[in-house]
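Read through the structure below, which is laid out as structure tokens, and then see the notes.
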Amino acid sequence: MVGSIPASATAELSAAPRSKAKQFSPWLDAWRRFRRHRLALVSTVVLSAIVLSVLFMPFVWSVPINEIDFTARLKGPSPAHPFGTDDLGQDLLSRMLYGGRISLAVAFAAMVVAIVVGTIIGAIAGMSRGWVGPALMWLTDLFLSLPPLPLLLLVIYLFRDSLKSVFGPEGGVFILIVLVVGGLRWMPAARLVRAQFLSLREKEFVEAARALGASRLRQVIRHILPNALGPVIVAATVDVAAAIIAESTLSFLGLGFPPDIPSWGRILFDAKDYLDIAPHWAMFPGVAIFLTVLSISFIGDGLRDALDPRKVM
Amino acid sequence: MGQYLLKRLLIAIPSILGISVILFTVLALAPGDPFEELATNPNVPAEVREMLRQKFGLDDPVAIRYFRWLAAMAQGDFGFSFASRIDVGDLIMQRLPTTLIIIGLAQLIALAIALPVGVYAATRPYSIFDQIASTFAFVGFSLPPFFTGLLLILVFSIQFDWLPFVYRADIEATGWRWFWEHVRQAIMPVSVLALFLAASLTRYVRSSVLDVIRLDYVTTARAKGLGERVVITKHVVRNALIPVVTLVFLQLPALFGGAIVTEQIFRIPGIGSLLISSILANDTPVVMAVTFVSAILVVLFNLIADILYGWLDPRISYG
Amino acid sequence: MSEPLLEIRDLKTHFATDNGIVRAVDGVDITIRRGETVGVVGESGCGKTVTAMSVLKLIAMPPGRIVDGQILWQGRDLIPLEADELDDIRAKDIAMVFQEPMTSLNPVYTIGEQIAEGLRRHEKLSRRAALERTVEMLRLVQIANAEKRVHDYPHQFSGGMRQRVMIAMALSCSPKLLIADEPTTALDVTIQAQILELLADMKARFGMAVMLITHAMGVVAETAQRVVVMYAGRVIEEAPVDELFANPRHPYTQGLIRSIPHIDRAATTKKRLEAIPGVVPRLIDPAPGCRFAPRCRFAMPACRLATPALRDVGGGHKVACILETGGLPQ
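Put into structure tokens, the structure is as follows:
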């Protein structure tokens, strides 16, 4: 009641004719709201810097990731090795840049898997009117209640070797981790898409499309999905952050990438036994993961303000 | 209330069955014979392998294998650990209490931090306190537990040498000394998990309180002249807690993940480290059993959450 | 005339929003005397509820803010009061009944607990005494089987019953003023009449003053002695009820009265129900001049120059319109 007072006043305001016909675009409006979230803006800069350096720095800093130099073992940062070296004297900056590519690629691919699977399942559940919807939602809730990490570990344990033999050690592990991390994170997107579908399904423009004889698939693609986009983008952002943590957790447990593919988590795993003599080795990958996840989380928060205005307080 | 309880119980049964189907499907889909590896494992005598092959009836149709496996699991017969050479059930019972204690302590500490901070932040939205709390929450859930763990070890074990970084089950001391040593070695692992939990919980408490604080009945309570303190504790927090309780229990699956990592870092003998060591030792019965038990625990905790939910919200239990 | 109980003087309550400051209440004067019933009417969004909420400072601050004015309760200004001083007045001296009975009760406490709460705070009653008094109040508002139902939760009551509970709660500490904010709007028509009747009964029994906020002119005609008409955050007319209906002076009031449906008249003469064209104007940076001018059929250029003040035109009838006061205010 109290909170509704200003809201109702502004509602009338938007209903009132405006003196100046202002150009109104939902995306421009979203950008205006996003811009107001200062931490999200800063995070966009930080994340861009991380992504750009991971993508382009290797062209500038071309030290090989596996050049072993026993004379320079476990050295701290120096002009020759800005991030120091590991126990084999390998250059950590190169390894970090390489690892960043791996970690970000895994996270992005896993997010795509999660969103695609989630959107499909959510869309089916949202469109169907019979038993399919509830059954799919039961399955979604079931997957939500499964402990993700033990299941991840179980799947990796069972499928690791056969995938390695088919796609090679690098490709096999990559595909496995992407599928498993993405495949166990589709549930939030599915729920979101379904909820959007249920609320949008009855809205007038969909009714209008239905009255005009639009086929189901056409309804979904033309009318409902674009409207469900905002919350899904927010969920996708959260998924990228979660996938980075999942991948680095697996690698940190020694069950992700092998040592010759140094993802950030793997570097941290190798470094953890040298904490006392070479703390820099663990700090760089740890801080990189932390900064990446933190900036993605802030961006997600900013996007939520921008794209999901109902949630704004 | 009784009817509600019965309904929740009946819903939990298909959940457990569903989980068992998913786990078994994963196992059945796994390429090759999961016991093949054992042939090269010198720890496993040939007769044990043969016995297992027969027990799992690997050549039978899938449905029969599933029901046999389910029946064994239901009886608590998880098989025999190749690596430790004891019953998997016994092994899990040895390891489970440590994990539950660590998780439980972490959850309590997280609540003790998140409740007051979240409520205070929500009563003063966008204040300096709220902004600081919110930033800390973001930092908290962006710090992966494995990195927090290493940071704590770096600071408190290596730098200051205050706390031990290897967890020992066999402390040679008695009385207070024994208790103190246990507390000291639990501080870091529990803090790692508590920080991780408290971060998301704080945000959740804050938004839950904000949702409630603008409801009409809060205005009614204010209009009664009860005083802001009573209004907040009695009419806002009490209602905002209902979804929070659910979240606390729904967070448990994620918490198991955190526990696995933490146990691995601090070498705590819980079921998380058991899972990792069994995977590294290709000890399939243990891997399956640990996954199954943690999934069952999650269903169990969900059931507890439902019961608490019904207890906290009279609309459900009296409806 | 008896002494004023509540005097709202030049009250201005504004809200900060993303699009600017909403002047929801912008200079309102309302006086309520001991024992009288004052109806406050106007379309939704004209500032009635914000005015009522401002009296007990129940608006959310922020975004709301009382920028100016005085709220004199028996001569004492409530605006500068500390929170605990105000809490002594809430429910004890001034009680409220809200628009939405379905959401105005806390779902996790029994209605008994919620009524007794105020009694224990203000009357310092023991748990047992508060319960007894609560049951008594529930009987007064005609809730059957009160001694049992006192232990029921809000969801076990219908909307009309909940509004009875709200009234019992509001009257439990025998307030001198009851502010009823659209108490019947959310209810079925048949229940509305029952609740209005109950309010009249309670007034006869307790003798408190009532500030009845509503958008329904018909409700005011039946219950109030004096009527205040609000438009876009300001009072535009005020008069004793018979005078107002017999002789409405402001074009907006005239429009409101014409828009009351009359069953008898509609059946005989086929006259169409008249609505006032247009909507309540925006309350952010309102244009100068009379706020009703854009919708007023008598509007002239002078109306848009300055806001007309509320002037007494005799017999306690006040109106804010240059047609009535003859020219521009100074």
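Residue numbers (the working numbering), protein chains in the order written: chain A, 14 to 326; chain B, 992 to 1310; chain C, 37 to 366.
We put the CB at the ideal spot given by N, CA and C, even for glycine.
Since the structure is predicted, the reported quantities are computational estimates derived from the model, not experimental observations.
To be precise: take each residue of the segment 222-256 of chain C, compare its Cβ to all Cβ atoms of chain B, and keep it if any distance is under 8 Å. Which residues remain?
none
Beta-ladder partner(s) of A216 of chain C, from DSSP:
Here residue 216 of chain C is taken as the residue at index 180 of the third sequence, counted from 1. According to DSSP, A216 of chain C bridges with C:V133, C:L248.
Residues of the segment 1208-1221 of chain B whose Cβ lies closer than 9 Å to any Cβ of chain C, in chain order:
Y1208, V1209, T1210, T1211, A1212, R1213, A1214, K1215, G1216, L1217, G1218, E1219, V1221
For Y189 of chain C, which residues of its own chain have a beta-carbon under 6 Å away from its beta-carbon, when the five flanking residues on both sides are left out?
For the purposes of this step, residue 189 of chain C is taken as residue 153 along the third sequence, with counting starting at 1. Once the five neighbours on either side are set aside, the close Cβ partners of Y189 of chain C are T146.
Spatially closest choice to A1101 of chain B from B:F1240, B:P1305, B:V1200, by CA coordinates
Locating residue 1101 of chain B in the second sequence gives position 110, counting from the first residue. Residue B:F1240 is the option with its Cα nearest to A1101 of chain B.
Per DSSP, what kind of secondary structure is V177 of chain C in: helix, strand or coil?
In the third sequence, the residue the question calls residue 177 of chain C occupies position 141. Of the three classes helix, strand and coil, the one that applies to V177 of chain C here is coil, per DSSP.
Does the beta carbon of T146 of chain C fall short of 6 Å from some heavy atom of the ligand GTP?
Ligands are entirely absent from the displayed structure, and the ligand GTP is therefore not among its contents.
Note down the Cα distance separating A1280 of chain B from L164 of chain A, rounded to an integer number of angstroms.
Residue 1280 of chain B sits at position 289 when you count from the first residue of the second sequence. Residue 164 of chain A sits at position 151 when you count from the first residue of the first sequence. Going by the C-alpha atoms only, they are around 11 Å apart.
With DSSP collapsed to three states, give me the class of P99 of chain C.
Residue 99 of chain C sits at position 63 when you count from the first residue of the third sequence. Residue state, collapsed to three classes: coil.
Which bits of chain C does T1234 of chain B rub up against, with CB to CB less than 8 Å?
On the second sequence, residue 1234 of chain B is found 243 positions in, with the first residue counted as 1. In the sequence as presented, Thr is not what sits at residue 1234 of chain B; that position holds Pro. Correct list: empty, because the minimum Cβ distance to chain C is about 13 Å.
Starting from the C-beta of A303 of chain C, find all residues in its chain whose C-beta is less than 8 Å away, skip the five residues before and the five after it, and write them out in chain order.
Within the third sequence, residue 303 of chain C is the residue found at index 267, counting from 1. Low local confidence applies: a pLDDT of 49 at A303 of chain C is under 50, so the model's placement there is unreliable, with the coordinate-based value given in what follows. None.
Have a look at A252 of chain C and T85 of chain C and give me their C-alpha separation to the nearest angstrom.
As a first step, residue 252 of chain C must be located in the third sequence, where it is residue number 216. As a first step, residue 85 of chain C must be located in the third sequence, where it is residue number 49. Going by the C-alpha atoms only, they are around 14 Å apart.
Buried or exposed: K184 of chain C, going by 16 or more other Cβ atoms within 10 Å of its Cβ?
Here residue 184 of chain C refers to the residue found at position 148 when the third sequence is read from its first residue. Its Cβ having fewer than 16 others within 10 Å, K184 of chain C is exposed.
To the nearest angstrom, report how far apart A295 of chain A and L281 of chain A are at their CA atoms.
By one-based count along the first sequence, residue 295 of chain A stands at place 282. By one-based count along the first sequence, residue 281 of chain A stands at place 268. Roughly 5 Å separates the two Cα atoms.
Helix, strand or coil at E260 of chain A according to DSSP, with G and I counted as helix:
Within the first sequence, residue 260 of chain A is the residue found at index 247, counting from 1. It is helical.
Can you tell me where the beta strand (DSSP E) holding T53 of chain C begins and where it ends?
Position 17 of the third sequence, counting from 1, holds the residue named residue 53 of chain C. Per DSSP, T53 of chain C belongs to the beta strand (DSSP E) from 40-53.
Of the listed residues A:G226, A:R204, A:I274, A:A203, nearest to G181 of chain A (C-alpha basis):
Taking the first sequence and counting its residues from 1, one reaches residue 181 of chain A at position 168. Nearest option by C-alpha distance: A:I274.
Please list, in chain order, all residues of the same chain as I1007 of chain B whose beta carbon is under 6 Å from its beta carbon, the five residues on each side excluded.
As a first step, residue 1007 of chain B is located in the second sequence; it is residue number 16 there, counting from the start. Answer for I1007 of chain B: V1290, listed in chain order.
Here's the rule I'm using: 16 or more other beta-carbon atoms within 10 Å means buried, otherwise exposed. How should G1131 of chain B be labelled?
As a first step, residue 1131 of chain B must be located in the second sequence, where it is residue number 140. Burial call: buried.
Secondary structure of P1305 of chain B, DSSP reduced to three states:
The sequence position of residue 1305 of chain B within the second sequence is 314, counting from 1. Helix at P1305 of chain B.
Name the chain A residues whose beta carbon is nearer than 7 Å to that of P1276 of chain B?
Counted from its first residue, the second sequence places residue 1276 of chain B at position 285. The premise fails here: P1276 of chain B is roughly 12 Å from chain A at the closest Cβ pair, so nothing lies under 7 Å.
Reduced DSSP category for I312 of chain C - H, G, I as helix; E, B as strand; rest coil
Numbered from its first residue, the third sequence carries residue 312 of chain C at position 276. The answer is coil: DSSP assigns I312 of chain C none of H, G, I, E or B.
Inter-residue Cα distance where the pair is A1065 of chain B and Y1117 of chain B:
Position 74 of the second sequence, counted from the first residue, corresponds to residue 1065 of chain B. Position 126 of the second sequence, counted from the first residue, corresponds to residue 1117 of chain B. If I take the Cα positions, the gap works out to 52 Å.
Report the option in A:A291, A:G313, A:I312, A:D318 whose CA atom is closest to the CA atom of I1149 of chain B.
Within the second sequence, residue 1149 of chain B is the residue found at index 158, counting from 1. Nearest option by C-alpha distance: A:A291.
Label V1196 of chain B either buried or exposed according to how many other C-beta atoms from any shown protein chain fall within 10 Å of its C-beta, with 16 as the threshold for buried.
Walking along the second sequence from the start, residue 1196 of chain B turns up at place 205. Buried.
Beta-carbon proximity list for P1234 of chain B, same chain, < 7 Å, skipping 5 on both sides
Translated into the one-based positions of the second sequence, residue 1234 of chain B becomes position 243. S1199, listed in sequence order.
For the pair the segment 74-84 of chain A and the segment 304-323 of chain A, tell me if three or more CB-CB distances fall below 8 Å.
no
Inter-residue spacing [alpha-carbon to alpha-carbon] between V1278 of chain B and S1268 of chain B
Here the question's residue 1278 of chain B lines up with position 287 in the second sequence. Here the question's residue 1268 of chain B lines up with position 277 in the second sequence. Rounded to whole angstroms, V1278 of chain B to S1268 of chain B spans 9 Å at the Cα level.
Residue-level contact to chain B via CB, P160 of chain A, 7 Å cutoff:
Stepping through the first sequence from its first residue, residue 160 of chain A is reached at position 147. It does: the Cβ of P160 of chain A has a partner Cβ on chain B nearer than 7 Å.
R1115 of chain B CB to nearest chain A CB: under 7 Å?
In the second sequence, the residue the question calls residue 1115 of chain B occupies position 124. So no, R1115 of chain B is outside the interface.
Could you work out which residue in B:F1073, B:I1178, B:A1128 is closest to M1042 of chain B when comparing CA atoms only?
Counted from its first residue, the second sequence places residue 1042 of chain B at position 51. Nearest option by C-alpha distance: B:F1073.
Buried or exposed for P1088 of chain B, please, with buried defined as at least 16 other CB atoms from any protein chain shown within 10 angstroms of its CB.
Mapped onto the second sequence, residue 1088 of chain B falls at position 97. Exposed, since its Cβ has fewer than 16 Cβ neighbours within 10 Å.
Any beta carbon from chain C within less than 7 Å of N1273 of chain B's own beta carbon?
Looking up residue 1273 of chain B in the second sequence gives position 282. It does not; no Cβ of chain C falls within 7 Å.
Of the residues C:E79, C:E274, C:H286, the one placed nearest I68 of chain C, counting alpha carbons only:
The count along the third sequence starts at 1 and reaches residue 68 of chain C at position 32. It is C:E274 whose Cα lies nearest to the Cα of I68 of chain C.
Here's the rule I'm using: 16 or more other beta-carbon atoms within 10 Å means buried, otherwise exposed. How should L1266 of chain B be labelled?
Reading the second sequence from its first residue, position 275 is the one you call residue 1266 of chain B. The residue in question, L1266 of chain B, is buried, as its Cβ has 16 or more Cβ neighbours within 10 Å.
Name the residue from C:S208, C:L292, C:M202 whose alpha carbon lies nearest to the alpha carbon of E218 of chain C.
Here residue 218 of chain C refers to the residue found at position 182 when the third sequence is read from its first residue. Residue C:M202 is the option with its Cα nearest to E218 of chain C.
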